[in-house]
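**Q** Handing you a structure now.
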Amino acid sequence: MKASVQQQQDLLGLGDIDLEISRSKSALGASTNGAAFVELRSRQRDMAADLIAARNALDSVALELTRAEADLELVEQRIAKDLVRLNSTNSAKDAQGIQSELESLQRRKSDLEDAELAILEKKELAQANFDDVLATKNTHDAELSELESSNEAAVLKLRSGLDLLVTKRAQQASKTDVELLALYEKKLARGTAVAKLNINECGACRIGLGATALAEIHAKPADEFVTCPECQALLVR
Ligand SMILES: [Zn+2]
395 MKASVQQQQD LLGLGDIDLE ISRSKSALGA STNGAAFVEL RSRQRDMAAD LIAARNALDS
455 VALELTRAEA DLELVEQRIA KDLVRLNSTN SAKDAQGIQS ELESLQRRKS DLEDAELAIL
515 EKKELAQANF DDVLATKNTH DAELSELESS NEAAVLKLRS GLDLLVTKRA QQASKTDVEL
575 LALYEKKLAR GTAVAKLNIN ECGACRIGLG ATALAEIHAK PADEFVTCPE CQALLVR
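According to my numbering, the stretch in the sequence shown is residues 395 to 631, in order.
Below, the structure is given as structure tokens:
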């Protein structure tokens, strides 16, 4: 295809802008849906589940403690009643019966007190675990939100950069020959449309051209837009 050296240079400029646009778009995609975010958000969900589990464990041991305290209170009330009965009875036989009941109540009380102590220890552990999980989750949440806001700033910067590039591209495209632009767009849809010939290497496919192909290219007049025999990209000499 015929194209002046200036037109060829302009098209190469357009190709550079399109390359920048494509890089900018992938950077934008990576910053909003990047692997780091996917990983952090998934960890955040795991931690929320851990926190619920820790809270449930704590609630369940607290309920256990309430029940143990109620059991202990009942036994203590019965002991108090028995002591009143013991002090008011005149019957030696009744006194003996009450005494033996009191002994068994004391044993029960001692067992319940031991159980209560064990539950208290369990509760302390559950509370420590809950505090631990909560602190870890809070730290992680703060990290994620910090990363999100710094990412937001980066995204804003990338977006405004992209806007500028799009404007620049429109300007560059407007001064390009219509037919040449159509050819460029067609080639762009399949890959790199235009590139520089670097000594003997095509800037698009990076394949080194053979001596014959190179000689053919150089034999063409300067206003002939040549193409790479390997990848069909337009080549600017
Ligand atoms: Zn090529």
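From the three backbone atoms N, C-alpha and C, an ideal C-beta is built for every residue, glycine too.
Answer with buried or exposed for residue 446, where buried requires no fewer than 16 other C-beta atoms within 10 angstroms of its C-beta.
**A** In the sequence shown, the residue the question calls residue 446 occupies position 52. Label assigned to residue 446: exposed.
**Q** Can you find at least 3 beta carbon pairs, one from the stretch 467 to 484 and one from the stretch 497 to 506, that sit closer than 8 Å?
**A** Touching, yes, given that three or more Cβ pairs across the two stretches are closer than 8 Å.
**Q** Report yes if the C-beta distance between residue 619 and residue 608 is below 8 Å; otherwise report no.
**A** Along the sequence shown, one-based indexing puts residue 619 at 225. Along the sequence shown, one-based indexing puts residue 608 at 214. No.
**Q** Across the stretch 487 to 496 and the stretch 543 to 559, are there enough close Cβ pairs to call them in contact, namely three or more that are closer than 8 Å?
**A** Segments in contact, no.
**Q** Helix, strand or coil for residue 484, going by three-state DSSP, please let me know.
**A** Here residue 484 refers to the residue found at position 90 of the sequence shown. Of the three classes helix, strand and coil, the one that applies to residue 484 here is coil, per DSSP.
**Q** Between which two residues does the alpha helix (DSSP H) containing residue 580 stretch?
**A** Position 186 of the sequence shown, counted from the start, is the residue given in the question as residue 580. Run containing residue 580: 572 to 582, per the alpha helix (DSSP H) assignment.
**Q** According to the neighbour-count rule (16 or more other Cβ atoms, all chains shown, within 10 Å of its Cβ), is residue 585 buried or exposed?
**A** Residue 585 sits at position 191 when you count from the first residue of the sequence shown. When all chains shown are included, residue 585 counts as exposed.
**Q** Can you give the Cα-Cα distance for residue 431 and residue 522, rounded to whole angstroms?
**A** If you number the sequence shown from 1, residue 431 lands on position 37. If you number the sequence shown from 1, residue 522 lands on position 128. Going from the Cα of residue 431 to the Cα of residue 522 covers about 29 Å.
**Q** Where do the N-terminal and C-terminal ends of the alpha helix (DSSP H) with residue 397 fall, by residue?
**A** Against the sequence shown, residue 397 aligns to sequence position 3. Taken as a continuous stretch (DSSP letters only), residue 397 belongs to no alpha helix (DSSP H), as it is neither H nor E.
**Q** Candidates 598, 451, 452 and 434: which alpha carbon is nearest residue 533's?
**A** Your numbering for residue 533 matches position 139 in the sequence shown. Of the candidates 598, 451, 452 and 434, the one whose C-alpha sits nearest the C-alpha of residue 533 is 434.
**Q** What would DSSP say about residue 624, mapped onto helix, strand or coil?
**A** The residue you call residue 624 lines up with position 230 of the sequence shown. Reduced to three states, the DSSP call for residue 624 is coil.
**Q** May I have a chain-ordered list of the alpha helix (DSSP H) segments no shorter than 4 residues that lie completely inside the stretch 486 to 571?
**A** The qualifying runs are 486 to 568.
**Q** Compute the Euclidean distance between the alpha carbons of residue 606 and residue 414, then round it to the nearest angstrom.
**A** Taking the first residue of the sequence shown as 1, we reach residue 606 at position 212. Taking the first residue of the sequence shown as 1, we reach residue 414 at position 20. In a straight line, the C-alpha of residue 606 is about 33 Å away from that of residue 414.
**Q** Decide if the stretch 587 to 597 is in contact with the stretch 449 to 457; the criterion is three or more beta carbon pairs, one per stretch, under 8 Å apart.
**A** With the cut-off at 8 Å, the stretch 587 to 597 and the stretch 449 to 457 do not touch.
**Q** Which residue wins for smallest C-alpha separation from residue 615, given the options 437, 631, 531 and 423?
**A** Counting from one through the sequence shown, the residue named residue 615 turns up at place 221. Selected option, being the one with the closest Cα: 631.
**Q** Under the three-state reduction of DSSP, which class applies to residue 594: helix, strand or coil?
**A** Position 200 of the sequence shown, counted from the first residue, corresponds to residue 594. Reduced to three states, the DSSP call for residue 594 is coil.
**Q** Starting from the Cα of residue 506, find the closest Cα among 486, 475 and 465 and give me that residue.
**A** In the sequence shown, the residue the question calls residue 506 occupies position 112. The candidate whose alpha carbon is nearest that of residue 506 is 465.
**Q** Please report the Cβ distance between residue 395 and residue 577, rounded to the nearest whole angstrom; I am assuming they are in contact, meaning their Cβ atoms lie under 8 Å.
**A** Taking the first residue of the sequence shown as position 1, residue 395 is located at position 1. Taking the first residue of the sequence shown as position 1, residue 577 is located at position 183. Their Cβ separation, rounded to whole angstroms, is 7 Å, which keeps residue 395 and residue 577 in contact under 8 Å.
**Q** Quick one: give me the first and last residue of the alpha helix (DSSP H) that residue 606 is part of.
**A** Start at 1 with the first residue of the sequence shown, and residue 606 comes out as number 212. Looking at the DSSP string, the run of the alpha helix (DSSP H) that includes residue 606 is 605 to 613.
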